[in-house]
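Taken in sequence, the protein lines are chains A and B.
With our numbering applied, the first sequence corresponds to residues 199 to 359, in that order.
With our numbering applied, the second sequence corresponds to residues 199 to 359, in that order.
Where is the CB? At the ideal position from N, CA and C, for every residue including glycine.
Number of protein chains: 2
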Amino acid sequence: MTSTITAQDLTPEAFAPFGEVLDASGTAEKFINQGRCARHHDRAKLDFTDGQAGISLFKSELAEMPYRLELLERHPLGSQAFIPMSQSRFLVTVAPDAGGVPGAVQAFIARAGQGVNLHRNVWHGVLCPLDGAGLYAVVDRIGAGSNLEEHWFDAPMTVTD
Amino acid sequence: MTSTITAQDLTPEAFAPFGEVLDASGTAEKFINQGRCARHHDRAKLDFTDGQAGISLFKSELAEMPYRLELLERHPLGSQAFIPMSQSRFLVTVAPDAGGVPGAVQAFIARAGQGVNLHRNVWHGVLCPLDGAGLYAVVDRIGAGSNLEEHWFDAPMTVTD
Numbered sequence: 199m200t201s202t203i204t205a206q207d208l209t210p211e212a213f214a215p216f217g218e219v220l221d222a223s224g225t226a227e228k229f230i231n232q233g234r235c236a237r238h239h240d241r242a243k244l245d246f247t248d249g250q251a252g253i254s255l256f257k258s259e260l261a262e263m264p265y266r267l268e269l270l271e272r273h274p275l276g277s278q279a280f281i282p283m284s285q286s287r288f289l290v291t292v293a294p295d296a297g298g299v300p301g302a303v304q305a306f307i308a309r310a311g312q313g314v315n316l317h318r319n320v321w322h323g324v325l326c327p328l329d330g331a332g333l334y335a336v337v338d339r340i341g342a343g344s345n346l347e348e349h350w351f352d353a354p355m356t357v358t359d
Numbered sequence: 199m200t201s202t203i204t205a206q207d208l209t210p211e212a213f214a215p216f217g218e219v220l221d222a223s224g225t226a227e228k229f230i231n232q233g234r235c236a237r238h239h240d241r242a243k244l245d246f247t248d249g250q251a252g253i254s255l256f257k258s259e260l261a262e263m264p265y266r267l268e269l270l271e272r273h274p275l276g277s278q279a280f281i282p283m284s285q286s287r288f289l290v291t292v293a294p295d296a297g298g299v300p301g302a303v304q305a306f307i308a309r310a311g312q313g314v315n316l317h318r319n320v321w322h323g324v325l326c327p328l329d330g331a332g333l334y335a336v337v338d339r340i341g342a343g344s345n346l347e348e349h350w351f352d353a354p355m356t357v358t359d
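#1: Identify, in the order they occur along the chain, each residue of the same chain with its Cβ nearer than 8 Å to the Cβ of Val336(A), setting aside the five sequence neighbours on each side.
#2: What does a CB cutoff of less than 6 Å around Gly233(B) pick up in its chain, not counting 5 residues either side in sequence?
#3: Leaving out the 5 sequence neighbours to the left and right, which residues in its chain are closer than 6 Å to Gly249(A) when beta-carbon positions are compared?
#4: Tell me the residue span of the beta strand (DSSP E) that contains Pro282(A).
#5: Can you give the beta carbon distance from Met283(A) to Tyr334(A), rounded, assuming they're within the 8 Å contact cut?
#6: Which one or two residues does DSSP pair with His322(A) in a beta bridge?
#7: Suppose contacts are defined by Cβ-Cβ distances below 8 Å. Is Ala212(A) in contact with Phe306(A) by that definition?
#8: Taking Trp321(B) as the reference, give the member of His349(B), Ala226(B), Val219(B) with the closest Cα.
#9: Between which two residues does the beta strand (DSSP E) harbouring Pro354(B) extend?
#10: Determine the burial state of Val299(A): buried for a count of at least 16 other Cβ atoms within 10 Å of its Cβ, exposed for fewer.
#11: Buried or exposed: which applies to Arg272(B), given that a residue is buried once 16 or more other Cβ atoms fall within 10 Å of its Cβ?
#12: To be precise: take each residue of the segment 212-228 of chain A, compare its Cβ to all Cβ atoms of chain B, and keep it if any distance is under 8 Å. Which residues remain?
#13: For the segment 238-251 of chain A, enumerate the residues whose C-beta is nearer than 8 Å to any C-beta of chain B, in chain order.
#14: Have a look at Arg318(A) and Gly330(A) and give me their C-alpha separation to the nearest angstrom.
#15: Could you check the C-alpha separation between Leu270(A) and Thr356(A) for me, to the nearest Å?
#16: Between which two residues does the beta strand (DSSP E) containing Phe306(B) stretch?
#17: So Gly341(A) contacts chain B; which residues on that side make the cut at Cβ distance below 9 Å?
#18: Pull up the CB-CB distance for Cys235(A) and Leu289(A), whole angstroms please, since I reckon it's below 8 Å.
#19: Tell me which residues share the same chain as Gln347(B) and place their Cβ nearer than 8 Å to its Cβ, disregarding the 5 neighbours each side in the sequence.
#20: List the DSSP bridge partners of Phe246(B).
#21: Name the residues in the segment 258-273 of chain A whose C-beta lies less than 8 Å from a C-beta of chain B; which are they?
#22: What would DSSP say about Ala205(A), mapped onto helix, strand or coil?
#23: Along chain A, which residues have their Cβ under 7 Å away from the Cβ of Ile281(B)?
#24: Under a Cβ-count criterion, where at least 16 other Cβ atoms within 10 Å of its own Cβ denotes burial, should Glu227(A) be classed as buried or exposed?
#25: Exposed or buried, Gly323(A), counting other C-beta atoms within 10 Å across all chains shown (16 or more means buried)?
#26: Only counting the same chain, and skipping five residues up and downstream in sequence, which positions put a Cβ closer than 6 Å to that of Phe216(A)?
#27: Between which residues of its own chain and Gly332(B) is the CB-CB distance below 7 Å, once the five residues before and five after are set aside?
#28: Excluding the five sequence neighbours on either side, which residues of its own chain have a C-beta within less than 8 Å of the C-beta of Arg309(B), listed in chain order?
#29: Please identify the residue among Arg266(A), Asp245(A), Thr200(A) whose C-alpha is closest to the C-alpha of Met218(A).
#30: Going along chain A in order, which residues have a C-beta closer than 7 Å to the C-beta of Leu255(B)?
#31: Across which residues does DSSP place Arg339(A) in a beta bridge pair?
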């Protein structure tokens with residue numbers, strides 16, 4: 199039997215165990231450019247064991263709901279932020295660690311205007327844009343060495359919205 | 199008399215003296231996620247004298263063309279990347295340094311799907327979204343100390359497209 203996970207709205211509180219929501223909600227720390235621009239300051243915990251932060255561009259095919267989740271991965275050496283470059287939604291699947299493998303999977307749908315920063319070594323699914331351009335800026339670790347661990351599930355799960 | 203500057207298309211070659219264009223053009227360094235996603239790897243030269251990279255969100259009012267350019271600024275302690283979170287255009291004004299003040303100003307219009315990374319200490323105008331959500335992720339230096347120098351022109355310039 200395929201287990202089914204219902205995706206939740208992405209909120210900072212619900213996502214806190216896994217990382218930060220990157221959006222312009224709440225009160226800005228300051229206003230710049232003669233008051234024309236709000237700066238929501240330093241919203242992501244960037245965390246790299248070595249190497250340094252870099253900016254890459256990801257261009258992905260769109261995914262469809264219900265989504266068939268077969269795989270989670272994690273990056274032991276650094277955090278990873280996904281910033282959508284269109285006003286569009288994407289599916290974020292994550293899990294706590296349970297002795298070296300993913301524990302109970304949770305799913306979130308980021309709405310237009312939201313990105314995420316995944317903390318270092320958090321289990322997460324691959325990039326799943328649901329609409330829009332499929333174009334993302336990714337801020338993650340640039341450095342040598344293996345920074346990818348994958349876990350394939352014995353039985354795929356179904357994620358619904 | 200007000201001097202007039204005509205904005206050019208934003209290309210990596212024309213922008214090279216000032217920074218990098220962040221887009222998914224050219225050949226991706228690798229394909230991930232079972233071939234569904236192209237990774238254009240490490241596209242920005244992040245450069246901080248101290249402190250560290252952080253991600254902030256800017257939410258700006260839109261600007262209008264022709265644009266009245268009164269001010270350039272620079273950040274002596276770090277590079278600054280602007281990543282639009284909508285498929286939209288923005289105006290980028292920059293200038294080489296000429297003995298501590300801006301030299302000849304150049305203007306570029308970033309098209310949908312393009313961001314920029316400004317090298318450390320490059321003179322540039324404030325964020326000028328021309329359409330879209332006015333929402334940007336900004337990757338710049340998080341740290342103590344003064345990191346802003348402004349130059350107000352005696353006579354404003356007009357930037358046209």
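Here's the rundown:
#1: Ile253, Ser254, Leu255, Phe256, Gln278, Ala279, Phe280, Ile281
#2: none
#3: Arg339, Ile340, Gly341
#4: 278-282
#5: 6 Å
#6: Glu271(A), Val292(A)
#7: yes
#8: His349(B)
#9: 347-358
#10: exposed
#11: buried
#12: Leu220, Asp221, Ala222, Ala226
#13: His238, His239, Asp240, Arg241, Ala242, Leu244, Gln250, Ala251
#14: 27 Å
#15: 13 Å
#16: 304-308
#17: By Cβ distance, chain B contributes nothing, its closest Cβ being about 10 Å from Gly341(A), past 9 Å.
#18: Not confirmed; about 30 Å, so no contact.
#19: The sequence shown places Glu at residue 347(B), rather than the Gln named in the question. The answer, listed in chain order, is Glu271, Arg272, His273, Pro274.
#20: Gly276(B)
#21: Ser258, Glu259
#22: coil
#23: Ile281, Met283, Ala335
#24: exposed
#25: buried
#26: Val292, Val320
#27: Lys257, Ser258, Glu259, Leu260
#28: Asp207, Leu208, Arg287
#29: With the sequence shown as reference, residue 218(A) is identified as Glu, and Met is not the correct amino acid for it. Among Arg266(A), Asp245(A), Thr200(A), the Cα nearest to that of Glu218(A) belongs to Asp245(A).
#30: Leu220, Asp221, Ala222, His238, Arg241
#31: Ala251(A)
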